[in-house]
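Residues in the sequence shown are numbered consecutively from 2, following this note's numbering. Quick reminder that beta carbons are idealized off the backbone N, C-alpha and C, glycines included. Here's the structure we're looking at; comments come further down.
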Amino acid sequence: MNILIVEDEKRLADVLVQIMREAKYNAEAVYDGQDGIDYALGGDYDVIILDVMLPKKDGFAVVRALREAKRATPVLMLTARSEVSDRVTGLDCGADDYLTKPFASEELLARIRALSRRQGEVVLDLLRFGDLELSVELHDLKCGTRTVRLSLKEFEVLRILMANPHAIVTKETLIVKVWGYDSDAEANNVEAYISFLRKKLHYLNSRVSINAIRKVGYRLEEDSPC
Ligand code: CA
2 MNILIVEDEK RLADVLVQIM REAKYNAEAV YDGQDGIDYA LGGDYDVIIL
52 DVMLPKKDGF AVVRALREAK RATPVLMLTA RSEVSDRVTG LDCGADDYLT
102 KPFASEELLA RIRALSRRQG EVVLDLLRFG DLELSVELHD LKCGTRTVRL
152 SLKEFEVLRI LMANPHAIVT KETLIVKVWG YDSDAEANNV EAYISFLRKK
202 LHYLNSRVSI NAIRKVGYRL EEDSPC
């Protein structure tokens with residue numbers, strides 16, 4: 002398996018190359034976004050590990066350039082901050098997954114394995130979590146053979162949750178991202194849409210649930226199959 006690493010922090014890039022080589026992957030590193038684009042388009046990689054903050058072109062521009070060139074190479078974005086906006090922007094631009102720094106090498110390798118399995122079936126306008134598939138274009142939520150159409154606000158709330166799998170998304174984040182900074186939306190607006198979404202998940206017979214975490218926010222979780 003061939004891995005391209007685009008990371009301007011040389012020490013981290015070296016560590017990443019080392020981790021990949023220990024896992025018996027071929028890995029090479031470049032240190033700015035322009036080289037990232039050139040190598041990604043010029044080479045044949047199974048997975049690209051892409052930092053967001055890069056000189057010359059940022060990670061978003063790199064993944065956008067790849068997708069505009071119709072290259073579906075799976076991209077794992079590294080985000081330095083736990084910023085929801087970075088993750089959502091990354092996924093909107095066509096990244097397939099993200100990992101927040103710092104991360105454990107086992108986690109990184111697990112994500113790489115998952116992404117490499119998906120190669121060739123990467124669908125750019127679909128978000129997946131558990132048994133759910135969310136169409137970014139149609140706002141359809143699918144589980145098995147059932148599909149429901151989401152309203153715009155339902156879609157935006159769920160998209161943010163699905164873009165942050167296993168992470169707690171605060172009510173404040175949802176208010177700002179879905180309703181905007183200057184809106185007078187309140188926590189009970191969020192609660193109402195969470196309740197609509199739960200009803201739709203129930204209708205779909207999904208194993209995914211939206212769990213409230215001690216009044217802080219929400220997290221998507223998946224029950225293990227019985
Ligand atoms: Ca960086």
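Which partner residues does residue i have in the DSSP bridge list?
{"i": "R129", "result": "E134"}
{"i": "Y26", "result": "Answer is none; Y26 lacks a bridge partner."}
{"i": "G43", "result": "For G43, which the question treats as bridged, DSSP gives no partner whatsoever."}
{"i": "K143", "result": "E134 and T148"}
{"i": "Y99", "result": "M78"}
{"i": "V170", "result": "Y219"}
{"i": "V31", "result": "V7"}
Determine the closest residue to residue i out of the options, with distance taken between C-alpha atoms.
{"i": "K172", "options": "D132, G37, R147 and V85", "result": "V85"}
{"i": "L42", "options": "V64, L110 and D224", "result": "V64"}
{"i": "M54", "options": "L77, V48 and A81", "result": "A81"}
{"i": "M78", "options": "I50, R68 and K58", "result": "I50"}
{"i": "G95", "options": "H203, V137 and V179", "result": "V137"}
{"i": "L1", "options": "K201, G44 and D52", "result": "Outside the shown range of the chain, which is 2 to 227, sits residue 1, and nothing can be said about it."}
{"i": "I211", "options": "Y40, V18 and F130", "result": "F130"}
{"i": "I214", "options": "E192, K201, R118 and S225", "result": "E192"}
{"i": "K154", "options": "D97, D126, D224 and A186", "result": "A186"}
Return helix, strand or coil for residue i, following the three-state DSSP convention.
{"i": "I176", "result": "helix"}
{"i": "E69", "result": "helix"}
{"i": "Y219", "result": "strand"}
{"i": "T74", "result": "coil"}
{"i": "V123", "result": "The pLDDT assigned to V123 is 45, lower than 50, so where the model puts this residue is not dependable; a value taken from the coordinates is nonetheless given after this. In the structure shown, V123 sits in coil (DSSP, three-state: anything other than H, G, I, E or B)."}
{"i": "S210", "result": "strand"}
{"i": "D185", "result": "coil"}
{"i": "L162", "result": "helix"}
{"i": "L17", "result": "helix"}
{"i": "L55", "result": "coil"}
{"i": "I49", "result": "strand"}
{"i": "I38", "result": "helix"}
{"i": "I6", "result": "strand"}
{"i": "A105", "result": "coil"}
{"i": "S196", "result": "helix"}
{"i": "R224", "result": "Per the sequence shown, residue 224 should be read as Asp rather than Arg. In the structure shown, D224 sits in coil (DSSP, three-state: anything other than H, G, I, E or B)."}
Starting from the C-beta of residue i, find all residues in its chain whose C-beta is less than 6 Å away, skip the five residues before and the five after it, and write them out in chain order.
{"i": "A115", "result": "none"}
{"i": "D132", "result": "C144, S207 and R208"}
{"i": "L142", "result": "L135, V149 and L151"}
{"i": "I4", "result": "M21, Y26, A28 and V48"}
{"i": "I113", "result": "V48"}
Here's a check: name, in chain order, each residue in its chain whose Cβ is nearer than 7 Å to the Cβ of residue i, leaving out the five neighbours to either side.
{"i": "T90", "result": "F61"}
{"i": "A66", "result": "I38"}
{"i": "R88", "result": "T80, Y99, A164 and N165"}
Excluding five sequence neighbours on each side, which residues of the same chain lie with their C-beta closer than 8 Å to the C-beta of residue i?
{"i": "H167", "result": "R220, L221 and E222"}
{"i": "V170", "result": "V85, I161, L162, G218, Y219 and R220"}
{"i": "L110", "result": "I20 and A24"}
{"i": "L92", "result": "Y99, L128 and A164"}
{"i": "P56", "result": "D9, Y32, D33 and G34"}
Taking 8 Å as the cut-off, does the segment 24-32 touch the segment 5-12 (at least 3 CB pairs, one atom from each stretch)?
yes
Cβ contact (3+ pairs, closer than 8 Å) linking the segment 149-169 and the segment 72-80
no
So, does the segment 104-118 touch the segment 187-206, judging by three or more C-beta pairs under 8 Å?
no
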